[in-house]
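Enquirer: Sharing a structure, written as structure tokens. Questions coming.
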Amino acid sequence: MKAIILDMDGLMIDSERLYFETETEIAKKYNKTIDKEILIRLMGRSPLEAAKIFLKEVNLPLSPEEFIKKRDDVMEYKYKYEVEPVNGLMPLLNEFYKKHKIAVATGSPQKFLDIVMDRLNIRHYFNVLQSSDRIKNGKPDPEIYLTVCRKLNLKPSECIVLEDSSNGALAGKTAGCYTIGVYTEYTKNQDFSFVDHYSQDLSDALKHIKSVVKIKNSIKIKNKA
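Each residue of the sequence shown is one higher than the one before, counting from 43 in my numbering.
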């Protein structure tokens with residue numbers, strides 16, 4: 043295992059709550075109510091794909107582009123002033139910094155990725171920062187993870203993916219990466235039956251990754267002998 047690839051929204055930062063609030067408020071302006079399950083289905087997808095699903099289910103008189111602009115205008119402020127790192131993120135980054143390559147693969151646009159990196163002052167930890175910009179097929183398609191692996195100059199089998207949504211985890215697993223699902227309140231009922239490991243939080247994921255790396259190194263030493 044030579045690299046760790048992290049999703050951003052919901053995994054590194056508690057942004058899903060902010061998206062839920064924003065999308066609910068937009069719907070209210072059109073006298074619409076939203077089932078929480080609809081919002082959960084949007085998680086991990088590209089902005090355009092998520093917008094199309096949202097507008098179809100809620101039946102809003104907006105184009106996907108209009109909806110994205112309304113939502114992103116609000117979310118840009120929330121990213122700048124309200125997001126905080128999830129518990130366990132900094133210990134995980136510090137543990138593997140300079141020992142392994144670290145990357146981000148997020149369905150968010152580059153402007154939000156840049157805001158988070160600078161707000162949390164964590165840009166220096168990462169070898170690759172991949173947003174949804176220039177990614178044709180959003181998660182659960184494996185395109186974004188295959189792209190990150192190429193940029194890292196590594197095989198997918200040499201990379202560990204951490205994801206909090208089923209869509210994202212499926213993208214990592216389909217790409218061929220060792221995939222760890224991470225529990226959150228928003229995704230606890232999603233299907234993670236296909237992942238290699240399911241962690242209760244990032245601290246638990248950190249312990250598991252260390253055990254996986256230790257086992258892999260042990261096997262490598264035995265094979266050399």
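Don't be surprised by glycine CBs; every beta carbon is placed ideally from N, CA and C.
Excluding the five sequence neighbours on either side, which residues of its own chain have a C-beta within less than 7 angstroms of the C-beta of Tyr167, listed in chain order?
Expert: Leu135, Tyr139, Ile144
Enquirer: When you compare only the Cα positions, how much space is there between Ile186 and Gly180?
Expert: 7 angstroms
Enquirer: Just curious, the beta strand (DSSP E) that Thr221 is in, first and last residue?
Expert: 220 to 224
Enquirer: Does the beta-carbon of Asn209 have 16 or more other beta-carbons within 10 angstroms, so that it is buried, or is it exposed?
Expert: Classified as buried, Asn209 has 16 or more neighbouring CB atoms from the shown chains inside 10 Å of its CB.
Enquirer: Whole angstroms is fine: what's the gap from Tyr225's alpha carbon to Gly86's?
Expert: 14 angstroms
Enquirer: So which of Glu205, Lys193, Glu79, Arg59 has the shortest CA-CA distance to Thr148?
Expert: Among Glu205, Lys193, Glu79, Arg59, the Cα nearest to that of Thr148 belongs to Glu205.
Enquirer: Note down, in chain order, each residue of its chain lying with its Cβ closer than 8 angstroms to the Cβ of Arg165, except the 5 sequence neighbours on either side.
Expert: Cβ neighbours of Arg165 beyond the five flanking positions: Met159, Leu171.
Enquirer: Excluding the 5 residues preceding and the 5 following Lys197 in the sequence, name in chain order all residues of the same chain whose CB lies nearer than 8 angstroms to its CB.
Expert: Cys191, Gly218
Enquirer: Here's a check: name, in chain order, each residue in its chain whose Cβ is nearer than 6 angstroms to the Cβ of Lys74, leaving out the five neighbours to either side.
Expert: Val100
Enquirer: Would you mind giving the Cβ-Cβ distance between Leu84 and Ile95, rounded to the nearest angstrom? I have them listed as a contact below 8 angstroms.
Expert: 6 angstroms
Enquirer: If we call anything under 8 angstroms between Cβ atoms a contact, is Leu307 one with Val128?
Expert: The shown model of the chain, from 43 to 267, leaves out residue 307, and the question about it has no answer.
Enquirer: Roughly how many angstroms lie between the CA atoms of Ser174 and Ser253, to the nearest whole one?
Expert: 31 angstroms
Enquirer: How would you label Phe236, buried or exposed, when you count the other beta carbons within 10 angstroms and need 16 or more for buried?
Expert: exposed
Enquirer: Terminal residues of the continuous alpha helix (DSSP H) containing Gln152?
Expert: 152 to 162
Enquirer: Looking at the unbroken beta strand (DSSP E) that takes in Val170, where does it start and where does it end?
Expert: 170 to 172
Enquirer: In whole angstroms, give me the CA-to-CA distance for Leu102 and Tyr72.
Expert: 7 angstroms
Enquirer: Between which two residues does the alpha helix (DSSP H) containing Ser199 stretch?
Expert: Careful: Ser199 lies outside any alpha helix (DSSP H) and carries neither H nor E.
Enquirer: Which residues share a DSSP beta bridge with Tyr139?
Expert: His142
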